[in-house]
Amino acid sequence: MSSDNGSGASKTIDLLPSPDGTLPQGEGLLIDRDWVDLDLLRKWKSESIESIQPDQNVSPTVRHAMGLTRALEERYLWADALCIMQDDTQHSAHELRIMGKIYASAKLTIVAADGDAAQGIAGIKNVSHTRNLSQTVLPFSPNRKIVVKEWDFTMGDRYFDRAWTFQEYALSQRIIMVKEKRFHWMCSTRSIREGFTRQYIEHQDHFRFNGAKSSFVYPDLKFELDTTMSQYNRRTLSVPLDASAGATGILEILSRAFEGGFLYGLPLMYFHAALMWISQTPMKRRLHSGKQQSILPGSRFPSWLWIGWETSLFAFEANDGTLKDSSNATYGLTKWYSHETPTSSDKRAHAFISCKTKRGMFRTARSYRLGHIYKAAVFDKYTKHCGELRLPSEEEWTGLPAESSGQYLTIEHVATCLRFHPNLTKKEKYGVLWVEWGVDGVAYRKAVGEVDKEAWERHDLEDVDLVLG
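The sequence shown begins at 25 in the working numbering and counts up one residue at a time.
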């Protein structure tokens, strides 16, 4: 278990000596609960941690997890409810950035999915109270019986709806989940439910990596990034601004493959390609309620990033050209910078990004929809079709005049990259963003699309210092 020592670093202590005074050897276990015990954390900062009596100061769930840790002959327990100081921004930011390593390196994660922290974990001998469980067994034949499955831990469960629990489930090497007072085991090779004699395959919607043994070698945009983060982004957050904080740990693990790491969820090594992400479902901008701040200082909702939108499935259509992908390739046109404010010269990892590029005013009209995919046609100054936009929602789509009406809306397109689809059109196209400018001199992404290279270059263009927020 860890506690802040005032410098932002963590201090580790032994909480679970055996009755004979010896310390069992082990790599440590993990339990996750909702944020609690802030008063205790403040006390730990001002007093010696050794003076705290665990049996008197922690919740039943954490106390029972301590007993389970000892029963499994492990030495350390890390509990986020006690070890992350939510009211200390320096400490919490540091811990959040290493959450991926914490979960991936732990030998076991304990998930207490029943009730709240006061309910505890029933059924641990000599640690917690007994359980009153029943099991429905039906006769099937003289030699066979049917055991009725009492609950399904994957369907409609709050644990799988919360964004904060995604990275612990995805990265943990092994999990013991307690649901309806029953224990469920999951690891990289099998899932076993208490009360059943055979292993079974867990629900495929909730995929998992293999903890510290995960080998992210190839920087795959299609699985390791968009599939993974789509799973995360469809989950719920009680504080919308925590969208970035909740993904910090798993992005840190993914950085093993993506050289240079991430800027708010986009890989720096393929930034030009990743900036062209699209949504496969309707999406809308995440809004800051103005009441609650994120646990991670400086968290924002950039319009150019998937974290800034509510969408359950998004995708990166093109790899960077250096990957020589046979289906498509994307090449950068300019150099991007990030800023803390729209006008700051501090060009580090912040929510505003800027570049020098070209812009043009193109006529646009509503063309067609395919399920939840909304398309708009782009026309040059001669009213010749030259490109296409992917719109974020039906509302934006219906707000454009229909192509059949012969009317158009003239909107601003800015070029972000050059794209090539050898197996499709065999034409080079400019990747473009439809942007609208705010009163603060910052442009905001409205839609993403492509314009034929020849049409773009013969259009009336002008230089622009683009700042995206």
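Where is the CB? At the ideal position from N, CA and C, for every residue including glycine.
Item checked: Residue of I397, R393 and M385 minimising C-alpha distance to Y406 -> Here residue 406 is taken as the residue at index 382 of the sequence shown, counted from 1. Comparing Cα positions, the closest option is M385.
Note to self: Whole angstroms are fine: how far does the CA of E418 sit from the CA of R390?
What the structure shows: Here the question's residue 390 lines up with position 366 in the sequence shown. Here the question's residue 418 lines up with position 394 in the sequence shown. Looking at the two C-alpha atoms, the distance is approximately 11 angstroms.
Next item on the list: On a CA-only basis, which of G395, V171 and R309 is nearest P163? Give me that one, please.
Entry: Taking the sequence shown and counting its residues from 1, the one referred to as residue 163 is at position 139. The shortest Cα separation from P163 among G395, V171 and R309 belongs to V171.
Checklist line | With 16 other Cβ atoms within 10 Å as the buried cut-off, status of E478 | finding: The sequence position of residue 478 within the sequence shown is 454, counting from 1. E478 is exposed by the Cβ-count criterion.
Next item on the list: Spell out the partners DSSP gives I145 in its beta bridges.
Entry: Taking the first residue of the sequence shown as 1, we reach residue 145 at position 121. According to DSSP, which records beta bridges pairwise, I145 is partnered with nothing at all.
Notebook entry, point to check: Under the rule that 16 or more other beta-carbon atoms within 10 Å means buried, what is Q159, buried or exposed?
Noted result: Taking the sequence shown and counting its residues from 1, one reaches residue 159 at position 135. So Q159 counts as exposed.
Item checked: Status (buried if at least 16 other CB within 10 Å, exposed otherwise) for E204 -> If you number the sequence shown from 1, residue 204 lands on position 180. When all chains shown are included, E204 counts as exposed.
Check: Can the beta-carbon of Y256 be found less than 7 angstroms from the beta-carbon of A271?
Finding: Working through the sequence shown from its first residue, we reach residue 256 at position 232. Working through the sequence shown from its first residue, we reach residue 271 at position 247. Result yes, Cβ atoms of Y256 and A271 sit closer than 7 angstroms.
Next item on the list: Between the Cα of R99 and those of M90, P243 and C107, spot the shortest distance and give me the residue it belongs to.
Entry: On the sequence shown, position 75 is the one that residue 99 refers to. When only C-alpha atoms are compared, the closest one is M90.
Next item on the list: Indicate the three-state DSSP secondary structure (helix, strand or coil) for E418 in the structure shown.
Entry: Position 394 of the sequence shown, counted from the start, is the residue given in the question as residue 418. In the structure shown, E418 sits in a helix (DSSP, three-state: H, G or I).
Notebook entry, point to check: Going along the chain, which residues of its own chain have a beta-carbon closer than 7 angstroms to the beta-carbon of F207, five neighbours each way excluded?
Noted result: Taking the first residue of the sequence shown as 1, we reach residue 207 at position 183. Answer for F207: I200 and E218, listed in chain order.
Next item on the list: Just confirm the distance between the C-beta atoms of F340 and A281, as a whole number of angstroms; I'd bet it's less than 8 angstroms.
Entry: Along the sequence shown, read from residue 1 onward, the residue named residue 340 stands at position 316. Along the sequence shown, read from residue 1 onward, the residue named residue 281 stands at position 257. About 14 angstroms separates the two Cβ atoms, so there is no contact after all.
Margin query: Taking the straight line between their C-alpha atoms, what separation do you get for V151 and L132?
Written below: Position 127 of the sequence shown, counting from 1, holds the residue named residue 151. Position 108 of the sequence shown, counting from 1, holds the residue named residue 132. When rounded, the distance between both Cα atoms is 19 angstroms.
Checklist line | Neighbourhood of A426 by C-beta, 7 angstroms cutoff - its chain only, sequence neighbours within 5 removed | finding: Here residue 426 is taken as the residue at index 402 of the sequence shown, counted from 1. Excluding sequence neighbours, A426 sits near A389 and R390.
Check: beta strand (DSSP E) containing G493: first to last residue?
Finding: Counted from its first residue, the sequence shown places residue 493 at position 469. No beta strand (DSSP E) holds G493; DSSP gives it neither H nor E.
Note to self: Please tell me whether V488 and V475 are closer than 7 angstroms, where the distance is taken between their beta carbons.
What the structure shows: Taking the first residue of the sequence shown as position 1, residue 488 is located at position 464. Taking the first residue of the sequence shown as position 1, residue 475 is located at position 451. The answer is no: Cβ separation not under 7 angstroms.
Check: Should R309 go down as buried or exposed, given a rule of 16 or more other Cβ atoms within 10 Å for buried?
Finding: Residue mapping note: residue 309 aligns to position 285 of the sequence shown, counting from 1. It is exposed - the Cβ of R309 has fewer than 16 other Cβ atoms within 10 Å.
Notebook entry, point to check: Given P326, which residues of its chain have a CB within under 8 angstroms of its CB, disregarding the five upstream and five downstream residues?
Noted result: Stepping through the sequence shown from its first residue, residue 326 is reached at position 302. Only Y288, G332, A375, F376, I377, L492 and G493 meet the Cβ criterion.
Check: Three-state secondary structure (DSSP) at W188?
Finding: Residue 188 sits at position 164 when you count from the first residue of the sequence shown. Note: W188 maps to helix in three-state DSSP.
Margin query: When you compare the CB positions of T354 and A439, do they come within less than 7 angstroms of one another, or not?
Written below: For the purposes of this step, residue 354 is identified with residue 330 of the sequence shown, where counting begins at 1. For the purposes of this step, residue 439 is identified with residue 415 of the sequence shown, where counting begins at 1. No, the Cβ-Cβ distance between T354 and A439 is not below 7 angstroms.
Check: Among residues of its own chain, excluding the 5 on either side of A146, which ones have a beta-carbon nearer than 6 angstroms to its beta-carbon?
Finding: What you label residue 146 is simply residue 122 of the sequence shown in a count that begins at 1. So the list reads S152, H153, R155 and K205, once near-sequence residues are dropped.
Checklist line | F386 - containing alpha helix (DSSP H), residue span | finding: Stepping through the sequence shown from its first residue, residue 386 is reached at position 362. Element bounds for F386: not the alpha helix (DSSP H) but the beta strand (DSSP E), F376 to L394.
Margin query: Please state whether the Cβ-Cβ distance between L413 and W421 is less than 7 angstroms.
Written below: Locating residue 413 in the sequence shown gives position 389, counting from the first residue. Locating residue 421 in the sequence shown gives position 397, counting from the first residue. It is not a contact, given that the beta carbons lie outside the stated cut-off.
Check: In this structure, does DSSP put A103 in helix, strand or coil?
Finding: Within the sequence shown, the letter at position 79 stands for residue 103. The answer is strand: DSSP assigns A103 an E or B state.
Next item on the list: Within 10 angstroms of the Cβ of V86, are there 16 or more other Cβ atoms? Answer buried if so, exposed if not.
Entry: Numbered from its first residue, the sequence shown carries residue 86 at position 62. When all chains shown are included, V86 counts as buried.
Next item on the list: Just the C-alpha distance for A467 and R383, rounded to the nearest angstrom, thanks.
Entry: Residue mapping note: residue 467 aligns to position 443 of the sequence shown, counting from 1. Residue mapping note: residue 383 aligns to position 359 of the sequence shown, counting from 1. Each residue's Cα considered, the two are about 12 angstroms apart.
Checklist line | Helix, strand or coil at K69 according to DSSP, with G and I counted as helix | finding: The residue given as residue 69 occupies position 45 in the sequence shown. Note that K69 scores a pLDDT of 34, beneath 50, so its modelled location is shaky and nothing firm can be said.
Notebook entry, point to check: For L433, does the count of other Cβ atoms within 10 angstroms reach 16, so buried, or fall short, so exposed?
Noted result: Taking the first residue of the sequence shown as 1, we reach residue 433 at position 409. The residue in question, L433, is exposed, as its Cβ has fewer than 16 Cβ neighbours within 10 Å.
Check: What separation, rounded to the nearest whole angstrom, lies between the Cα atoms of W301 and V472?
Finding: By one-based count along the sequence shown, residue 301 stands at place 277. By one-based count along the sequence shown, residue 472 stands at place 448. Near 8 angstroms, if we compare the C-alpha coordinates of V472 and W301.
Check: What does DSSP give as the partner residues of Y468 in its beta bridges?
Finding: Counting from 1 along the sequence shown, the entry for residue 468 is found at position 444. Answer is E460.
Next item on the list: Let me know if P166 comes out buried or exposed under the rule of 16 or more other beta-carbons within 10 Å of its beta-carbon.
Entry: In the sequence shown, residue 166 corresponds to position 142, counting from 1. The residue in question, P166, is exposed, as its Cβ has fewer than 16 Cβ neighbours within 10 Å.
Margin query: Can you give me the C-alpha to C-alpha distance between G144 and D181, rounded to a whole angstrom?
Written below: As a first step, residue 144 must be located in the sequence shown, where it is residue number 120. As a first step, residue 181 must be located in the sequence shown, where it is residue number 157. Each residue's Cα considered, the two are about 18 angstroms apart.
Checklist line | Residue burial classification, D104 (beta-carbon count within 10 angstroms, cutoff 16) | finding: For the purposes of this step, residue 104 is identified with residue 80 of the sequence shown, where counting begins at 1. Burial call: buried.
Notebook entry, point to check: Would D185 pass as a contact of T260 if the rule is Cβ separation under 7 angstroms?
Noted result: Position 161 of the sequence shown, counted from the first residue, corresponds to residue 185. Position 236 of the sequence shown, counted from the first residue, corresponds to residue 260. Cβ atoms of D185 and T260: closer than 7 angstroms.
Next item on the list: Under 7 angstroms Cβ to Cβ from V459, same chain only, skipping five residues before and after it: list those, please.
Entry: Within the sequence shown, numbered from 1, the residue matching residue 459 stands at position 435. So the qualifying residues of the chain are E436, V438, A467, Y468, R469 and K470.
Next item on the list: Report all residues from its chain with a CB closer than 6 angstroms to the CB of E276; omit the five preceding and five following residues, and keep chain order.
Entry: Here the question's residue 276 lines up with position 252 in the sequence shown. G124, listed in sequence order.
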